[in-house]
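Visitor: Protein chains in written order, with the working numbering: chain A, 1 to 254; chain B, 1001 to 1254. I'd like to ask you about the structure that follows.
Protein chains: 2
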Amino acid sequence: MREPDKRAALLLIGNELLTGKVRDANTQPLAELLFRHGIALSRVVMVGDERDTIVQEVEALASSYGWVFTSGGVGPTHDDITMDAVAVAQGTHVVTHPELAAMIRARYGERCSEAHLRMANVPEGSILETTEGGPPAETREWPAVRCKNVWIFPGVPEAFRMKLGILSAVLRRHGHTSGLCSAAVFTTQEESAMVAILDQLVREVPSISIGSYPKWFDETYKTKVTFDGESEALVKDAAEKLVARLPAGTAWFG
Amino acid sequence: MREPDKRAALLLIGNELLTGKVRDANTQPLAELLFRHGIALSRVVMVGDERDTIVQEVEALASSYGWVFTSGGVGPTHDDITMDAVAVAQGTHVVTHPELAAMIRARYGERCSEAHLRMANVPEGSILETTEGGPPAETREWPAVRCKNVWIFPGVPEAFRMKLGILSAVLRRHGHTSGLCSAAVFTTQEESAMVAILDQLVREVPSISIGSYPKWFDETYKTKVTFDGESEALVKDAAEKLVARLPAGTAWFG
Chain A
1 MREPDKRAAL LLIGNELLTG KVRDANTQPL AELLFRHGIA LSRVVMVGDE
51 RDTIVQEVEA LASSYGWVFT SGGVGPTHDD ITMDAVAVAQ GTHVVTHPEL
101 AAMIRARYGE RCSEAHLRMA NVPEGSILET TEGGPPAETR EWPAVRCKNV
151 WIFPGVPEAF RMKLGILSAV LRRHGHTSGL CSAAVFTTQE ESAMVAILDQ
201 LVREVPSISI GSYPKWFDET YKTKVTFDGE SEALVKDAAE KLVARLPAGT
251 AWFG
Chain B
1001 MREPDKRAAL LLIGNELLTG KVRDANTQPL AELLFRHGIA LSRVVMVGDE
1051 RDTIVQEVEA LASSYGWVFT SGGVGPTHDD ITMDAVAVAQ GTHVVTHPEL
1101 AAMIRARYGE RCSEAHLRMA NVPEGSILET TEGGPPAETR EWPAVRCKNV
1151 WIFPGVPEAF RMKLGILSAV LRRHGHTSGL CSAAVFTTQE ESAMVAILDQ
1201 LVREVPSISI GSYPKWFDET YKTKVTFDGE SEALVKDAAE KLVARLPAGT
1251 AWFG
C-alpha cells in the first residue's frame, strides 16, 4: 500500500441512485468509520452505470486521495462494470483471481456457473484484504478487493457493511487508531440568536471544527451544535463554553 | 432561464455529511422528482464547508449541466457560505435582496436582527421562484432562490422538500411534464442465474434502461429488476418479457 495520506474519497455508482429508486445507505457508515480512524472523507461523487464516466472519476480520485472507495456495479450482470473501469483507470486490465475463483467453486459446488465465476474477475494485481490480514482461504473470510489505493466495494448495503469490518481492521493494523473526537450540544435557541456567540467561539478555538444545524419541526430542540477536533479536552472545553454562554436551561450535551 | 437541457447535477454541501453525523436525505427525493419530469440527474457531488471547493464545484457543474442544485450551507452562521460561493462561481457577488429582506422583517417584526437579515443575502441577479410563478409577496410564499441555472436549496431535509414543491411547479410551467416511466419485477431467482436472460433482454430493447439489484437477507425475493424508458408500452412489454422467461411462479410485478 502506498504511504497512506489522511484523505479519502468515495465513488457511488448506480443508475438506481440517480433515478431516486434507492436511497444511498453507504456514505454515512463509511464516513463515520473513517472519521473515527482519523481519515477525512473529503469528497463523494455519485455517477451512473457508464463505463467511461467511472474510469474518468476513478482516475481523478485515485490520483488525488490516499484512500478511494467505490460502491456498486459489482456483480455478474450487464450493468456491473466497476471492476473493468477501475482496472482501466489504474492502467491495467481484469483477470480471474485464482484464489477468488477457488472460493466461488467451493461455495457453489456443482451449481457453479460461468456467471458465478465472473465474480472472481478483478483488476490485475488486486490484493484480497481480510480482517485477520491472512489469505482468505486461511481466514475463511470473503475478502475485500483492493487495487492499489482503490477499494472496490459492493453497492448492496448489507454487503457494503461487511467490507467495512475488513476496512476497519486494516486501518487498525496500519496504526490509524486515534481519530477525531466529537461532541454535540442541543439547544432550544434558534441558530440566528446564537450567531455572535458562535462567531466568537470559532475565533477562540481555531483547532475545533464547529458546525451548527437547525432542526425544524422538533419539539425538543431548535439547533444542534457539533464540535470536532483531535484533542478530547479541547473539544469538551469548547462545548462547555457554548453551554455556559447560552441562557441557563436552554442547552444540554448530546 | 437559459434554454434548459435535460441533464441535472446536485452539489451537497456540509461537513456533517462527510463526517457521518448526518445521512443525506435530499438526493433521493430530488432524483425521483427530476426523473418523473424527464430530466436526468447525472452527477451528485458531496463536499465540505470550504468556500474555494464550493466555488470550483459550482463553476464546473453550472457550465456542464442545464439544471444545478445546491443543498446546504444556507443560513446565518459562520459555516453558511453557499450564497457567497455560488455568487463568485457565477461571476457576481452577494447583495441584499429587497423583497426577501422585506419578507424577513414582516415575519420577525421587532425581533428581527442582523442575523435574520443575512438570510436575504443572495447572489446579485437571483430570481425568487414560487409555485404560482408570481412574486413571493403576492403568492405569500417563501420562495426558492435561483441564480442563473443554479438553484440554492437549504440542507435541512424538511426545508429542502418545501423547495421541491416549487421546483416541481416550475418544471411543469416549462413543459417538463412527461418523464420516464418505470416498472419493476421482483423474483426469487438469484441474479447470477438470470445473466443470460437479462443480457438477451438488454439487446432486444435498447431504448429501455434495465437495472438488476440483488437483495440480501430478504425472505420475499432475491433480485429486483427495473425497467426505465420513455414509452410506457415498451417498459411494460420488457417487464412482461422477463417474467415470461423466468421459471413459472418465481417472478412478479412490483
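Where a beta carbon is used, it is the ideal one built from N, C-alpha and C, also for glycine.
Which residues does DSSP list as the beta-bridge partners of A/Lys-224?
Guide: Answer is A/Phe-186 and A/Tyr-213.
Visitor: Using a Cβ-Cβ cut-off of 6 Å (strictly less than) and excluding sequence neighbours within five positions of B/Val-1055, which residues of its own chain qualify?
Guide: Ala-1085, Val-1088 and Ala-1089
Visitor: Of all the options B/Ser-1064, B/Thr-1130, B/Pro-1143 and B/Gly-1155, which has the alpha carbon lying nearest to the alpha carbon of B/Thr-1070?
Guide: B/Gly-1155
Visitor: Using a 10 Å radius around the Cβ and a threshold of 16 neighbouring Cβ atoms, would you call A/Pro-123 buried or exposed?
Guide: buried
Visitor: Does DSSP put B/Thr-1096 in a helix, in a strand, or in coil?
Guide: Of the three classes helix, strand and coil, the one that applies to B/Thr-1096 here is strand, per DSSP.
Visitor: Taking the DSSP output, what are the residues bridged to A/Thr-70?
Guide: A/Leu-11 and A/Ile-152
Visitor: Mind listing which residues of the stretch 1234-1253 of chain B have their C-beta closer than 9 Å to chain A's C-betas, in chain order?
Guide: none
Visitor: For the candidate residues B/Ala-1244, B/His-1176, B/Ala-1137 and B/Lys-1021, whose alpha-carbon lies nearest to that of B/His-1097?
Guide: Of the listed residues, the one whose Cα sits closest to B/His-1097 is B/Ala-1137.
Visitor: For a cutoff of 8 Å on Cβ pairs, would you count A/Gln-200 as touching chain B?
Guide: no
Visitor: Can you find a CB in chain A that lies within less than 8 Å of the CB of B/Tyr-1213?
Guide: yes
Visitor: Below 7 Å on C-beta distance, what does B/Trp-1216 contact in chain A?
Guide: Val-156, Glu-158 and Ala-159
Visitor: Between which two residues does the beta strand (DSSP E) holding A/Glu-124 run?
Guide: Element bounds for A/Glu-124: n/a, residue is neither H nor E.
Visitor: Could you say if the stretch 1003-1014 of chain B and the stretch 155-169 of chain A meet the contact criterion of at least three C-beta pairs nearer than 8 Å?
Guide: no
Visitor: Considering only C-alpha positions, which residue in the set B/Asn-1121, B/Arg-1203, B/Gly-1020 and B/Phe-1160 is nearest to B/Leu-1242?
Guide: Per the C-alpha coordinates, the member of B/Asn-1121, B/Arg-1203, B/Gly-1020 and B/Phe-1160 positioned closest to B/Leu-1242 is B/Arg-1203.
Visitor: Let's test the definition: count the other Cβ atoms within 10 Å of the Cβ of B/His-1116 and tell me whether it reaches 16, buried, or not, exposed.
Guide: Counting other Cβ atoms within 10 Å of its Cβ, B/His-1116 reaches 16 or more and is therefore classed as buried.
Visitor: Taking contact to mean at least 3 C-beta pairs separated by less than 8 Å, is the stretch 1226-1235 of chain B in contact with the stretch 1180-1194 of chain B?
Guide: With a cut-off of 8 Å, the stretch 1180-1194 of chain B and the stretch 1226-1235 of chain B count as touching, because enough Cβ pairs lie within range.
Visitor: Using 8 Å for Cβ pairs, my map puts A/Thr-92 next to A/Gly-125. What's the rounded Cβ distance?
Guide: 6 Å
Visitor: Could you tell me the alpha carbon to alpha carbon distance between A/Gly-38 and A/Thr-177, rounded to whole angstroms?
Guide: Linking A/Gly-38 to A/Thr-177 through their CA atoms gives a straight-line distance of about 7 Å.
Visitor: If the cut-off is 8 Å on Cβ atoms, which residues from the stretch 1021-1054 of chain B count as contacting chain A, listed in chain order?
Guide: Lys-1021, Val-1022, Arg-1023, Asp-1024, Ala-1025, Thr-1027, Gln-1028, Pro-1029, Leu-1030, Ala-1031, Glu-1032, Leu-1033, Leu-1034, Phe-1035, Ala-1040, Leu-1041, Ser-1042, Arg-1043, Val-1044, Val-1045, Met-1046, Val-1047, Gly-1048 and Asp-1049
Visitor: Given that B/His-1078 touches chain A, what residues does it touch there, using C-beta distances under 7 Å?
Guide: Leu-198, Asp-199 and Val-202
Visitor: Assess, as a yes-or-no matter, whether the stretch 43-58 of chain A is touched by the stretch 1042-1055 of chain B under the definition of 3 or more beta carbon pairs within less than 8 Å.
Guide: Judged by pairs of C-beta atoms under 8 Å, the stretch 1042-1055 of chain B touches the stretch 43-58 of chain A, as three or more such pairs exist.
Visitor: Got a sec, what are the start and stop residues for the alpha helix (DSSP H) A/Asp-31 sits in?
Guide: Looking at the sequence shown, residue 31 of chain A is not Asp but Ala. Where A/Ala-31 is concerned, the enclosing alpha helix (DSSP H) stretches over 27-36.
Visitor: What residues of chain B sit near A/Asn-15, judged by a beta carbon separation below 7 Å?
Guide: Ser-1209 and Gly-1211
Visitor: Looking at chain A, which residues of the stretch 1112-1129 of chain B have a Cβ within less than 9 Å of any of its Cβ atoms?
Guide: Ser-1113, Glu-1114, Ala-1115, His-1116, Arg-1118 and Met-1119
Visitor: Using a Cβ-Cβ cut-off of 6 Å (strictly less than) and excluding sequence neighbours within five positions of A/Lys-148, which residues of its own chain qualify?
Guide: Cβ within range, chain order: Gln-90.
Visitor: May I have the straight-line CA-CA distance separating B/Glu-1190 from A/Val-195, to the nearest angstrom?
Guide: 55 Å
Visitor: Determine which residues share a DSSP beta bridge with A/Ala-128 and list them.
Guide: Reading off the sequence, residue 128 of chain A comes out as Leu, not Ala. A/Leu-128 pairs with A/Val-145.
Visitor: Just to make sure I have the definition right: I need the residues of chain B whose C-beta is within less than 9 Å of the C-beta of A/Thr-139. Which are they?
Guide: Correct list: empty, because the minimum Cβ distance to chain B is about 21 Å.
Visitor: Assuming B/Glu-1132 contacts B/Pro-1143 under a Cβ cut-off of 8 Å, what Cβ separation, rounded to an integer in Å, is found between them?
Guide: Actually they do not touch by this definition, with Cβ atoms about 10 Å apart.
Visitor: With distances taken Cα to Cα, identify the nearest neighbour of A/Leu-12 among A/Thr-19, A/Gly-20, A/Lys-21 and A/Thr-27.
Guide: A/Thr-27
Visitor: By the criterion of Cβ-Cβ separation under 7 Å, what are the contact partners of A/Val-195 in chain B?
Guide: Pro-1076, Thr-1077 and Ala-1115
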